[in-house]
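Encoded as C-alpha cells, the structure appears first; notes follow it.
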C-alpha cells in the first residue's frame, strides 16, 4: 500500500507493465490468467508493475551475482522501454553501475503454497519504498 501511494508522489511519466501468467499442466484451464493475476506469492513481482523515473526498486531474483544482480539488490529506475528497464545499482561494490533488465519467466519456489504450479513473465523487481526489516 505504501509503495502505491509513494509512486504517485513522483513527477513525470509512468510506465505500467502487466505480467503474463499461466498455470502449468492445466489442460482444462482450471486456473485462468485472470485468477493467476491476483496472486503475488513471496519472491514474485506483482502482476501490475507501475514505475516512474527515479523510483527505488528491489531485485527479486538472482540474475548475475558476479555483477551485483542478486536477490535484494537495491536499484533506482533511470529509464524504461517496452521490453526493458534501465536501472542503476544503488549500494555496494557495484554502486553506480547501469543495467538493463528484461522480462523473465519466474515460478514460485514454494510448491506447497498453491495446489498447482504457475509461471509469471515479468520484470524481476518490485517497488521498494517500504521494506521489511529482513530485506533492509
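In UniProt numbering, the protein residues as written are 1 to 136. We treat Cβ as the ideally placed atom computed from N, Cα and C, and that holds for glycine. None of the values given here were measured: they were computed from a predicted structure.
Out of the options, which has the shortest C-alpha to C-alpha gap to residue i?
i          : options         : result
residue 27 : 123, 124, 118   : 118
residue 77 : 57, 66, 95      : 57
residue 82 : 9, 102, 24, 112 : 102
By Cβ distance below 8 Å, which residues in the same chain neighbour residue i in space, the five residues on each side in sequence not counted?
i         : result
residue 7 : 14, 50, 51, 52, 55, 127, 129
Please report the straight-line C-alpha distance between residue i and residue j, rounded to a whole angstrom.
i           : j           : result
residue 20  : residue 93  : 33 Å
residue 36  : residue 88  : 30 Å
residue 68  : residue 31  : 36 Å
residue 182 : residue 44  : Missing from the structure shown is residue 182; the chain here goes from 1 to 136 and no further.
residue 124 : residue 106 : 8 Å
With a 10 Å radius around its C-beta and 16 neighbouring C-beta atoms as the bar for buried, classify residue i as buried or exposed.
i          : result
residue 91 : exposed
residue 73 : buried
residue 80 : buried
- Query: Which runs of the beta strand (DSSP E) spanning at least 3 residues fall entirely within the UniProt domain "DNA helicase Pif1-like 2B" (34-80), listed in chain order?
  - Reply: 48-52, 56-59, 74-80
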